[in-house]
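Asks: Under the numbering used here, the final residue of the sequence shown carries the number 457; numbering is consecutive throughout.
All residues carry an ideal CB built from backbone N, CA and C; glycine is no exception.
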Amino acid sequence: MQLLETIKCKDRKLYNLEYHQARFDVARMKYFPNAPKLKLKELIEIPATCKEGLFRCRVVYTEQVEKIEFLPHQYHSIDSIRLIEDNSLEYGSKYADREQLQHLFERRGDCDDILIVQNICITDSFTANPIFFDGEKWWTPDTPLLPGTQRARLLAENKISVCQITINDLPRFKKIGLINALQDMDDMPVLPIERIRKMTSS
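#1: May I ask you to list the residues that DSSP assigns as paired with Thr-533?
#2: Pro-302 bridges to which residues according to DSSP?
#3: In the region 370 to 436, which residue ranges form an unbroken beta strand (DSSP E) of at least 3 residues, counting only runs that do not cross its ends?
#4: Skipping 5 residues on each side, what residues in its chain have a beta carbon closer than 7 Å to that of Cys-366?
#5: Consult DSSP for Met-440 and reduce its assignment to one of helix, strand or coil.
#6: Quick check on Gln-438: buried or exposed, where buried means 16 or more other Cβ atoms within 10 Å of its Cβ?
#7: Anyone know if the C-beta pair for Gln-257 and Asp-397 falls short of 8 Å?
#8: Apart from the five residues on each side of it in sequence, which residues of its chain come closer than 6 Å, Cβ to Cβ, to Asp-379?
In structure tokens form, the structure reads like this:
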């Protein structure tokens, strides 16, 4: 089983590395308990070709780090999101194999992204943790498939809060934002809640 960390690299700086290291450590302890300790900051060398601009640093690992690559990254606009129900999906660690998620994403129809629903609770989008604005505060669901590193940082800094969010709660929010390792609250896509389209069943 291959696992993955995707780290934001902008202008030769790696972001949120302590949160990536924490998730990296937890996942390796879970799946490879006898593997030696590794420090990402000692393993990642930023290439000279990545001096300027935004890149995804992809760290693929098992017991050891198997590959580190830097890929140019561009933000994509998201104008609509489709609710997709799947009560069986399990994605508790960041697996390199995203086939199940890709299958759900392909059911988005004419929408740009998906919002996965399990047992009426909101979880994640295809590549992000959602956050919801109620007019005063930003909230993130307490039922993520994979708690992300950006989510962890924003919670630690009290910029977002956690609560249960079901499909029935959506009308009480005004906006949805999508955060991940490459997207913080300053550059995340933000949509009116009305842009969330009705659910399709599995």
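Replies: On the basis of the coordinates in this document:
#1: The structure shown does not extend to residue 533, since the chain is modelled only from 256 to 457, so the question has no answer here.
#2: According to DSSP, Pro-302 bridges with nothing at all.
#3: Counting only unbroken stretches of 3 or more residues, the beta strand (DSSP E) elements lying wholly within the region 370 to 436 are 376 to 380, 384 to 388, 393 to 396, 416 to 418, 430 to 434, in sequence order.
#4: Ser-335, Ile-336, Arg-337, Arg-452
#5: coil
#6: buried
#7: no
#8: Ile-371, Pro-399, Leu-400
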